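Using the working numbering, the first residue of the sequence shown is number 112, and each one after it goes up by one.
Built from N, CA and C at the ideal position, the CB exists for glycine as well.
Keep in mind that this is a model prediction, so the values were computed, not measured.
To keep things clear, I will list the structure first and then write my remarks on it.
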Amino acid sequence: MPFAGQAPRRHCQGESRVTSAREIFTARAASSILVFDGGYGTAIQAYKLSEADYRGDLDLSLDQKGNNDLLSITRPDVIGAIHTAYLDAGADMIETNTFSATRISMADYACEHLVRELNLESAQLARNCADAAEAKDGKRRFVAGSIGPTNKTLSLSPDVNDPGYREIDYDYLLGVYREQCDALIEGGVDFLLIETIFDTLNAKCAAMAASEAAQASGRDVPIMISMTITDMAGRNLSGHMVEAFWHAIRHIKPLTIGLNCSFGADLLRPYLAELSKAADTLVMAYPNAGLPNDLGEYDELPEQTAELIKAWLDDGLVNIVGGCCGTTPAHIGAIAAAVAGRKPRIVPKAAVRTRLAGLEPFIMAA
């Protein structure tokens with residue numbers, strides 16, 4: 112069903128019988144490795160924008176430089192150009208510029224009142240860029256609504272002297288995520304991507320909000336989930352190992368499960384292999400361009416990132432691949448060239464077992 116106000120989609124040859132983003136995406140992922148976009152912070156920094164660029168005509172009480180999500184309203188030309196650069200580089204899917212577009216994160220800039228507008232405008236902007244790319248060659252491009260983790264955690268206390276204290280509760284965070292999801296869906300995203308997850312309970316809360324928002328909209332809006340690892344032991348901040356994390360959220364039935372940020376492609380590989388073996392759904396991974404140098408910059412060249420990702424392909428670890436911090440359209444172009452013609456990971460069938468989701472996985476016989 113098309114989004115209200117949009118014309119029904121035209122599909123390229125071979126996709127004419129398929130009507131939903133879920134079906135088209137799944138069909139394409141069965142025969143090829145799909146390409147996601149890359150970093151937005153790095154791309155935005157290259158424009159060397161001023162406070163006036165960020166603020167625009169908005170009457171805001173605090174400085175806004177660094178509030179990258181706001182640029183979807185004040186400098187949509189910049190965000191649109193970044194979207195288009197990734198699409199031109201070979202991305203099959205781009206994400207909205209909404210990683211921090213929640214009431215919690217926007218409170219740092221006194222922009223809570225702009226949350227709905229930020230998500231709606233960002234989704235429409237990404238949708239327009241994706242549709243423009245599709246109009247050129249008839250190949251469907253997808254838009255994922257980016258949902259970041261916020262800077263609050265449901266599982267951990269910010270006060271080491273009061274381990275039982277929480278800054279927020281589940282119901283409040285659910286409402287925060289629901290506000291974002293509603294606007295992203297209204298703006299026309301194909302998927303909702305809950306990414307850079309450091310707290311498994313936050314992810315479950317975001318997934319509930321996404322599911323409720325999709326149901327309320329009457330649209331099929333699949334959920335994508337991506338975990339970030341915080342140490343070389345392979346755990347997220349709330350303590351879950353990769354496989355345990357999968358068991359904890361498998362009931363959500365995400366269209367994709369994956370890893371992002373954390374490390375470069377080389378260091379991420381063993382954790383990706385663990386997830387690829389366990390997950391009976393599509394696997395998506397988008398690593399950083401290596402590790403940052405002493406100045407916080409990323410030195411890994413596009414060709415180096417692509418070469419490291421080829422090792423993933425040789426082992427059949429991924430279905431969708433892109434980039435995170437430090438990656439640019441050049442990195443995505445190199446990745447797109449590397450995956451062209453390569454066979455995707457085969458999604459395994461899960462044996463019937465009892466799987467318990469503690470901080471580490473525990474699997475028993477059926």
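DSSP lists Ala255 as the bridge partner or partners of Glu206. DSSP places Glu408 in the coil class of the three-state scheme, outside both helix and strand. Excluding sequence positions up to five before and after Ala243, its CB lies less than 7 Å from no other CB in the same chain. With respect to the C-alpha of Phe356, the residue from Ala221, Leu231, Lys159, Ala468 having the closest C-alpha is Ala468. For the beta strand (DSSP E) assignment, the uninterrupted runs of no fewer than 3 residues enclosed by the stretch 350–403 are, from N- to C-terminal side, 367–375, 393–399. The DSSP-derived three-state label of Phe473 is strand. Under the DSSP definition of a beta bridge, Ser337 partners with Gly369. By the neighbour-count criterion, in which a residue is buried when 16 or more other Cβ atoms sit within 10 angstroms of its Cβ, Tyr197 is buried. Residues Val146, Ala200, Gly201 of the same chain have their beta carbon placed closer than 7 Å to that of Ala447, with the five preceding and five following residues left out of the count. The criterion of a C-beta distance shorter than 9 Å is satisfied by Pro413 and Gly444. The stretch 281–299 makes contact with the stretch 221–238, as at least three CB pairs between them are under 8 Å.
For Leu265, there is no enclosing alpha helix (DSSP H), as DSSP gives it neither H nor E.
DSSP, read as helix, strand or coil, puts Arg289 in helix. A distance below 6 Å between beta-carbons, with the five flanking residues on each side excluded, links His351 to the following residues of its chain, in chain order: Thr311, Leu470.
For Arg186, there is no enclosing alpha helix (DSSP H), as DSSP marks it with neither H nor E. Measuring C-alpha to C-alpha distances from Thr213 to each of Ser337, Gly177, Asn262 identifies Asn262 as the nearest.
Between the C-alpha atoms of Ser337 and Val287 there is a straight-line separation of about 19 Å.
Here Glu278 carries a coil assignment [DSSP, helix/strand/coil]. Each of Ile155, Thr185, Ser143 was checked against the Cα of Ala163, and the nearest Cα belongs to Thr185. Under the DSSP assignment, Thr307 falls in the beta strand (DSSP E) whose first and last residues are 302–308. Taking C-alpha positions only, Ile205 is separated from Asn272 by approximately 42 Å. A Cβ-Cβ contact shorter than 9 Å links Gly345 with Tyr382. The alpha carbon of Asp280 has as its nearest neighbour, out of Asp301, Phe374, Ile215, the alpha carbon of Ile215. Distances from the alpha-carbon of Gly259 to those of Glu228, Thr339, Leu231, Ile193 put Thr339 closest. Under the Cβ criterion (8 Å, minimum of three pairs), the stretch 452–464 counts as touching the stretch 133–148. DSSP, reduced to helix, strand and coil, places Ile443 within a helical segment of the structure shown. About 7 Å separates the CB atoms of Met335 and Leu303; that is less than 8 Å, so the two are in contact.
Rounded to the nearest angstrom, the Cβ distance from Ser349 to Ser266 is 4 Å, consistent with a contact under 8 Å.
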